[in-house]
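Working notes, beginning with the structure itself.
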Ligand code: NAP
Ligand code: G4F
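Numbering (the working numbering), first residue to last: 2 to 344.
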């Protein structure tokens, strides 16, 4: 009998790669979809026709209990979140509800369906749980690189909510004996990245500038340093974490740092343009509390999970630019009304 997985956030970047990966491993894959006519559901269905869908929302406890009860998953991957950091200053309560309380609701759904009525170390559950924690939790990092033992200093309501999700996951592991893990993933990108994130904002703008459809690209802090990897690599790590004998917390990244300026330079260079002719700084895009520098120490993950990234940063940016040149050309030639973020 195939293993069954339930993925929240199936319509997002990571959900799409994880869904495809688990299908390739022979899993029966169920994606939790919110809303009565979510347009992103048809996008992911086109990519992976064998996916199954179930309705639910991280804001709605009963829907999660019902989804877990119906699917009876062996593994739950909680990727659903409002993932754009600046939005968390505009709607902090909503982001806290989805990204923080949503984790508690999913853990409760597993607890209830597994029949764990009281906290007890030895009870356990057959359902393994993955929480999408984030390097944003390190925030104003107290050391570089950051590892599984580095303390947290989140800088946004998003980061604070992720810290809650992280610790409630650990707490259910310790209180109920659940197999619950947290993946502290550093920034990961792909041609499927949302258009609001900086790498995709750059690759789309470069494509449009190259094709004569735009001239300027407005950005905020070019000095911010991130450890960027390829999303397709990172979903393999999520799966590997749930196959370990004991649950734990893991840092996943590349261990290589680049600035936003590097990303800009690589992307413009790739199409033979000088970024200085096109990039303008918009102070409105500078964050009220910035995360200046993130870099992963992946010593533990590479040794114990036997995991390593396969796509270097320059290759990643070039892959995204090439994909966007193809997409923007297609949209332009055929007058397609697809949004810039479509894939
Ligand atoms: P993404 O592309 O923005 O996808 C987010 C997903 O969450 C979408 O499928 C969205 O579904 C879903 N969602 C939003 N609100 C929801 C709700 N109330 N109930 C259920 N689902 C909801 O994000 P991503 O890049 O794939 O990231 C996946 C997860 O990893 C997120 O938790 C993110 O915070 C975390 N993370 C990402 C990175 C990164 O660099 N990508 C790094 C560290 C951690 P709709 O279609 O309904 O909007
Ligand atoms: O691409 P970003 O918006 O990603 P950010 O804030 O690092 O968050 C992403 O990675 C986290 C993991 O560390 C995830 F948890 C989170 O869900 C998300 O996936 O911004 C990257 C950097 C920031 O320092 C930002 O200030 O780029 C800088 N930046 C400069 N100009 C910009 C811009 N970011 C955006 N989005 N847009 C700009 O114009």
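Just so you know, even glycine gets a beta-carbon here, dropped at the ideal spot from N, CA and C. The structure presented is a predicted model; accordingly, all values stated were derived computationally and were not measured.
Please classify residue 55: does DSSP put it in a helix, a strand, or coil? One-based indexing of the chain shown puts residue 55 at position 54. The answer is strand: DSSP assigns residue 55 an E or B state.
Can you say whether residue 266 is buried or exposed, counting buried as having 16 or more other CB atoms within 10 angstroms of its CB? One-based indexing of the chain shown puts residue 266 at position 265. So residue 266 ends up on the buried side.
Taking the straight line between their C-alpha atoms, what separation do you get for residue 16 and residue 334? Along the chain shown, one-based indexing puts residue 16 at 15. Along the chain shown, one-based indexing puts residue 334 at 333. Computed Cα separation, rounded: 30 Å.
Does the beta-carbon of residue 15, which I'm using as the reference point, lie nearer than 7 Å to any heavy atom of the ligand NAP? Here the question's residue 15 lines up with position 14 in the chain shown. Residue 15 Cβ: within cutoff of the ligand NAP.
Mind pulling the beta strand (DSSP E) runs of 3 or more residues that sit fully within the stretch 113-160? As summarised for the stretch 113-160, the continuous beta strand (DSSP E) elements at least 3 residues long and confined to that stretch are 129-135, given in chain order.
May I ask you to list the residues that DSSP assigns as paired with residue 307? Working through the chain shown from its first residue, we reach residue 307 at position 306. DSSP lists no partner for residue 307.
What does the alpha-carbon distance come out to for the pair residue 275 and residue 269? Translated into positions along the chain shown, residue 275 becomes position 274. Translated into positions along the chain shown, residue 269 becomes position 268. Roughly 6 Å between the two C-alpha positions.
Rounding to the nearest angstrom, what Cα-Cα distance links residue 258 and residue 294 in this structure? For the purposes of this step, residue 258 is taken as the residue at position 257 of the chain shown. For the purposes of this step, residue 294 is taken as the residue at position 293 of the chain shown. If I take the Cα positions, the gap works out to 8 Å.
Quick one: using the 10 Å Cβ neighbour count with 16 as the cut-off for buried, is residue 14 buried or exposed? The residue given as residue 14 occupies position 13 in the chain shown. Classification of residue 14: buried, given that the 10 Å Cβ count is 16 or more.
Taking the alpha helix (DSSP H) that residue 16 belongs to, which residues open and close that run? Walking along the chain shown from the start, residue 16 turns up at place 15. Run containing residue 16: 14-25, per the alpha helix (DSSP H) assignment.
Closer than 7 Å: residue 221 CB and nearest the ligand G4F heavy atom: Position 220 of the chain shown, counted from the start, is the residue given in the question as residue 221. Yes, the ligand G4F has a heavy atom inside 7 Å of this Cβ.
Which class does residue 191 belong to by DSSP, given the choice of helix, strand or coil? Your numbering for residue 191 matches position 190 in the chain shown. Three-state DSSP puts residue 191 in coil, outside helix and strand.
Just to confirm before moving on: does the CB-CB distance between residue 281 and residue 208 stay below 8 Å? The residue labelled residue 281 in the question sits at position 280 within the chain shown. The residue labelled residue 208 in the question sits at position 207 within the chain shown. No; because the gap between Cβ atoms is not below 8 Å, this pair is not in contact.
When we look at the beta-carbon of residue 63 and count the other beta-carbons within 10 Å, is it buried (16 or more) or exposed? Translated into positions along the chain shown, residue 63 becomes position 62. Note on residue 63: under 16 other CB atoms within 10 angstroms of its CB, so exposed under the neighbour-count rule.
Beta carbon of residue 345, beta carbon of residue 206: below 8 Å? Lying before the first or after the last residue shown, residue 345 is absent from the chain, which here runs from 2 to 344.
Assigned exposure category for residue 331 - 16 Cβ within 10 Å defines buried: Here residue 331 is taken as the residue at index 330 of the chain shown, counted from 1. By the Cβ neighbour-count rule, residue 331 is exposed, with fewer than 16 other Cβ atoms within 10 Å of its own.
In terms of DSSP beta bridges, what is residue 79 paired with? As a position in the chain shown, residue 79 is number 78, starting the count at 1. Beta-bridge analysis with DSSP links residue 79 to 9 and 132.
Quick one: using the 10 Å Cβ neighbour count with 16 as the cut-off for buried, is residue 10 buried or exposed? Counting from 1 along the chain shown, the entry for residue 10 is found at position 9. Classification of residue 10: buried, given that the 10 Å Cβ count is 16 or more.
Contact between the stretch 148-162 and the stretch 81-100 (3+ Cβ pairs under 8 Å): Three or more beta-carbon pairs separated by less than 8 Å link the stretch 148-162 to the stretch 81-100, which places the two stretches in contact.
Following the continuous beta strand (DSSP E) through residue 251, name the residue where it begins and the one where it ends. Locating residue 251 in the chain shown gives position 250, counting from the first residue. 250-253 is the span of the beta strand (DSSP E), which, as asked, contains residue 251.
Go through the stretch 275-331 residue by residue and report every complete run of the alpha helix (DSSP H) that reaches 4 residues or more, in order. Fully enclosed alpha helix (DSSP H) runs of 4 or longer: 300-305.
From this set, 283, 112, 102 and 44, which residue's C-alpha is nearest residue 129's C-alpha? Start at 1 with the first residue of the chain shown, and residue 129 comes out as number 128. Closest option to residue 129, Cα to Cα, is 112.
State yes or no: is the C-beta of residue 209 nearer than 7 Å to some heavy atom of the ligand G4F? Stepping through the chain shown from its first residue, residue 209 is reached at position 208. Not so, every heavy atom of the ligand G4F lies at least 7 Å from the Cβ.
Pairwise C-alpha distance: residue 156 and residue 78: Position 77 of the chain shown, counted from the start, is the residue given in the question as residue 78. Position 155 of the chain shown, counted from the start, is the residue given in the question as residue 156. In a straight line, the C-alpha of residue 78 is about 25 Å away from that of residue 156.
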